[in-house]
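Protein chains in written order, with UniProt numbering: chain H, 1 to 246; chain U, 1 to 246.
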């Protein structure tokens with residue numbers, strides 16, 4: 001390989017990495033806008049989020065095509081190969097994050113049709129945490145900083161706990177006032193979408209570990225979506241111990 | 001390249017493809033068992049499904065490691081390269097399908113703690129359809145049959161429609177009897193999990209198209225999760241037109 005080729009391959013890898021960073025920025029903005037649309041009952045903003053989802057899909061197609069082109073053209077090894085495989089993995093996580101943001105926006109349209117319900121405040125609360133995790137993971141990717149990636153990965157547990165407590169709160173609220181069942185159900189799915197966005201952020205953190213260290217992160221993060229076990233019945237404090245971890 | 005190398009690379013690709021087929025079989029079995037556990041309120045079966053999810057995760061790790069090894073060792077081109085990239089993509093979709101099956105099993109434990117509710121029958125109904133789609137997609141992968149993959153991909157719309165109608169039915173049921181809110185909420189999430197499994201099956205169908213044809217499937221499948229727009233209020237037939245597609 002001549003210096004020229006080597007240099008230009010480095011530039012191509014940098015370009016691929018920049019595409020991921022840009023896609024991550026758009027995904028972050030989509031999550032932020034979707035969460036704002038819910039809190040403000042802003043139908044215009046929600047519609048913009050749903051429309052902008054195509055941009056994220058287009059990024060994924062471009063990144064996949066470029067990654068495959070580089071694999072074929074450059075036949076990379078070691079770190080270079082991991083860079084390209086990581087780009088394929090991260091772009092698919094970001095694409096899913098975009099889908100969840102779009103679904104949150106979609107549901108906010110249904111919420112805006114009915115009177116606001118108190119537990120809606122939990123959406124911005126979860127949104128702030130998930131956006132902080134996404135920001136740290138994307139910074140960790142740019143800086144190739146494994147420690148920062150793992151720190152963000154660990155915060156996902158806070159998000160799961162927040163989701164689990166919200167799940168119980170919303171269920172109780174629905175039982176107290178069945179007229180809130182429709183908005184509360186959309187709230188539950190929005191919260192679930194935010195929890196799933198956090199899971200995809202942790203996938204990206206794991207990919208960063210693989211990218212930099214060269215081996216998969218094998219520690220099992222305790223997955224604590226206690227809500228899947230939740231049994232809430234009207235005035236049932238003695239049920240509370242039935243919620244939580246397996 | 002000597003014939004020997006060529007032959008053994010072909011064998012390695014076949015082995016990778018076989019791993020995907022096995023992983024698909026396990027994922028299919030997990031979905032089937034999870035759906036059965038719900039219908040039969042079978043806590044033992046549900047627990048088995050949750051434990052077996054590790055097997056699927058292990059398949060994904062093995063497939064990723066093998067794919068990366070082949071990329072580095074064989075520096076493949078064209079169809080061979082697409083085989084390996086497709087294995088990476090499909091293994092991650094199958095891993096997600098396994099997670100959803102495990103979550104359905106997890107929620108069935110909560111359902112088994114409370115009296116059965118009528119809409120539970122919708123889970124096996126959706127389950128049969130999603131299992132049929134998964135079977136067709138996996139057959140299409142084994143046979144490298146694009147037409148079969150696209151046919152399965154199109155059936156995902158039936159699944160979305162089934163999910164949307166179930167969503168309204170369950171919401172109405174909750175409103176009629178708020179004591180059913182907890183089990184009905186778990187039902188909604190189980191149905192959503194089945195709908196998501198269908199989405200991952202369509203991703204696999206799209207990957208098969210890329211694998212065989214060499215270009216991404218660019219037709220946009222009309223995404224019809226009308227439930228995200230659903231507004232259901234007690235005795236509100238005039239709201240029904242507010243549900244459905246955007």
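Where a beta carbon is used, it is the ideal one built from N, C-alpha and C, also for glycine.
All of these numbers come straight from a predicted model, not from anything done at the bench.
Query raised in the report: Comparing the C-beta of residue 201(H) with each C-beta of chain U, is any distance below 8 Å?
Result: No, residue 201(H) does not count as interfacial toward chain U.
Query raised in the report: Between which two residues does the alpha helix (DSSP H) containing residue 216(H) stretch?
Result: For residue 216(H), no alpha helix (DSSP H) segment is defined, and its DSSP state is neither H nor E.
Requested in this report: For residue 164(H), count neighbouring Cβ atoms within 10 angstroms of its own Cβ and tell me buried if that reaches 16, exposed if not.
Outcome: Buried: at least 16 other Cβ atoms inside 10 Å.
Report task. Tell me whether residue 77(U) sits in a helix, a strand or coil according to DSSP, three-state version. Result -> Coil, per DSSP.
**Report entry** Proximal chain U residues relative to residue 91(H), where beta-carbon distance stays under 9 Å
**Finding:** None at all; the shortest Cβ gap to chain U is about 11 Å.
**Report entry** Cβ-Cβ distance between residue 202(H) and residue 90(H) below 8 Å
**Finding:** No Cβ-Cβ contact shorter than 8 Å links residue 202(H) with residue 90(H).
Query raised in the report: For residue 197(U), which option in 167(U), 171(U), 100(U) and 83(U) has the closest C-alpha, if you only look at C-alpha atoms?
Result: Comparing alpha-carbon positions, the option among 167(U), 171(U), 100(U) and 83(U) lying closest to residue 197(U) turns out to be 100(U).
**Report entry** Sequence-distant residues of the same chain with beta carbon closer than 7 Å to residue 110(U), five excluded per side
**Finding:** 186.
Requested in this report: Would you please verify whether the beta carbon of residue 9(H) is less than 8 Å from any beta carbon of chain U?
Outcome: By this cut-off, residue 9(H) is not an interface position.
Query raised in the report: residue 232(U) and residue 168(U): beta carbons closer than 8 Å?
Result: Yes.
Query raised in the report: Which bits of chain U does residue 109(H) rub up against, with CB to CB less than 7 Å?
Result: Those are 229, listed as they occur along chain U.
Query - residue 229(H) to residue 159(H) span [Cα, whole Å] - result: Rounded to the nearest angstrom, the two C-alpha atoms are 17 Å apart.
Query raised in the report: Does DSSP classify residue 13(U) as helix, strand or coil?
Result: Three-state DSSP puts residue 13(U) in a helix.
Requested in this report: For residue 116(U), name the three-state secondary structure that DSSP assigns.
Outcome: If DSSP states are grouped into helix, strand and coil, residue 116(U) belongs with coil.
Query raised in the report: Between residue 131(H) and residue 31(H), is the Cβ-Cβ spacing less than 8 Å?
Result: With contacts defined by Cβ atoms closer than 8 Å, residue 131(H) and residue 31(H) form a contacting pair.
Requested in this report: Please go through the same chain and pick out, in chain order, the residues whose beta-carbon is closer than 8 Å to the beta-carbon of residue 59(H), but skip the five residues on each side of it.
Outcome: Taking C-beta separations shorter than 8 Å and ignoring five residues to either side along the sequence, the partners of residue 59(H) in its chain run 19, 22, 23, 26, 91, 94 and 95, following chain order.
Requested in this report: Taking 8 Å as the cut-off, decide whether the C-beta atoms of residue 209(U) and residue 146(U) are in contact.
Outcome: Note that the C-beta distance between residue 209(U) and residue 146(U) is below 8 Å.
Query raised in the report: Using the rule of at least 16 other Cβ atoms within 10 Å of the residue's Cβ for burial, across every protein chain shown, is residue 115(H) buried or exposed?
Result: Exposed.
Query - Alpha-carbon to alpha-carbon, residue 218(H) and residue 43(U) - result: Whole-angstrom Cα-Cα distance: 29 Å.
Query raised in the report: Would you call residue 170(U) buried or exposed, if buried means 16 or more other Cβ atoms sit within 10 Å of its Cβ?
Result: Residue 170(U) counts as buried, since no fewer than 16 other beta carbons sit within 10 angstroms of its beta carbon.
Report task. Answer with yes or no whether the minimum CB distance from residue 61(H) to chain U is below 8 Å. Result -> Residue 61(H) counts as touching chain U.
Requested in this report: Kindly indicate which residue of 104(U), 45(U) and 63(U) has the alpha-carbon position closest to the one of residue 192(U).
Outcome: Nearest to residue 192(U) by alpha-carbon distance, out of 104(U), 45(U) and 63(U), is 104(U).
Requested in this report: Check residue 27(U) in the structure and name its three-state DSSP category.
Outcome: In the structure shown, residue 27(U) sits in a helix (DSSP, three-state: H, G or I).
Query raised in the report: residue 156(U) by DSSP, collapsed to three states: which one?
Result: In the structure shown, residue 156(U) sits in a helix (DSSP, three-state: H, G or I).
Query raised in the report: What do you reckon, are the CB atoms on residue 70(U) and residue 138(U) nearer than 8 Å?
Result: With respect to the 8 Å criterion, residue 70(U) and residue 138(U) are not classified as neighbours on the basis of their beta carbons.
Requested in this report: Taking 8 Å as the cut-off, decide whether the C-beta atoms of residue 123(H) and residue 174(H) are in contact.
Outcome: In this structure, residue 174(H) does not lie closer than 8 Å to residue 123(H) by Cβ.
Query raised in the report: Taking 8 Å as the CB-CB limit, is residue 75(H) close to chain U?
Result: Look at residue 75(H): its C-beta is under 8 Å from a C-beta on chain U.
**Report entry** residue 107(U) to residue 148(U) span [Cα, whole Å]
**Finding:** When the Cα atoms are used, residue 107(U) and residue 148(U) turn out to be separated by approximately 33 Å.
Query raised in the report: Given that residue 232(U) touches chain H, what residues does it touch there, using C-beta distances under 7 Å?
Result: For the C-beta of residue 232(U), the chain H residues within less than 7 Å are, from N- to C-terminus, 182.
Query raised in the report: With a cut-off of 8 Å, does the C-beta of residue 85(H) fall near any C-beta of chain U?
Result: Output row for residue 85(H): interface = yes.
Query raised in the report: Quick one: does the C-beta of residue 101(U) sit closer than 7 Å to a heavy atom of the ligand SAM?
Result: In the structure on display, the ligand SAM does not appear, and there are no ligands present to speak of.
Report task. Could you tell me the distance, in whole angstroms, from the CA atom of residue 46(U) to the CA atom of residue 143(H)? Result -> Taking the straight line from one Cα to the other gives about 42 Å.
Query raised in the report: So what's residue 144(H) in DSSP terms, helix, strand or just coil?
Result: When secondary structure is reduced to three states using DSSP, residue 144(H) falls in the coil class, being assigned neither helix nor strand.
Query raised in the report: Under a three-way DSSP split, which group does residue 122(U) fall into?
Result: In the three-state DSSP reduction, residue 122(U) falls in the helix class (H, G or I).
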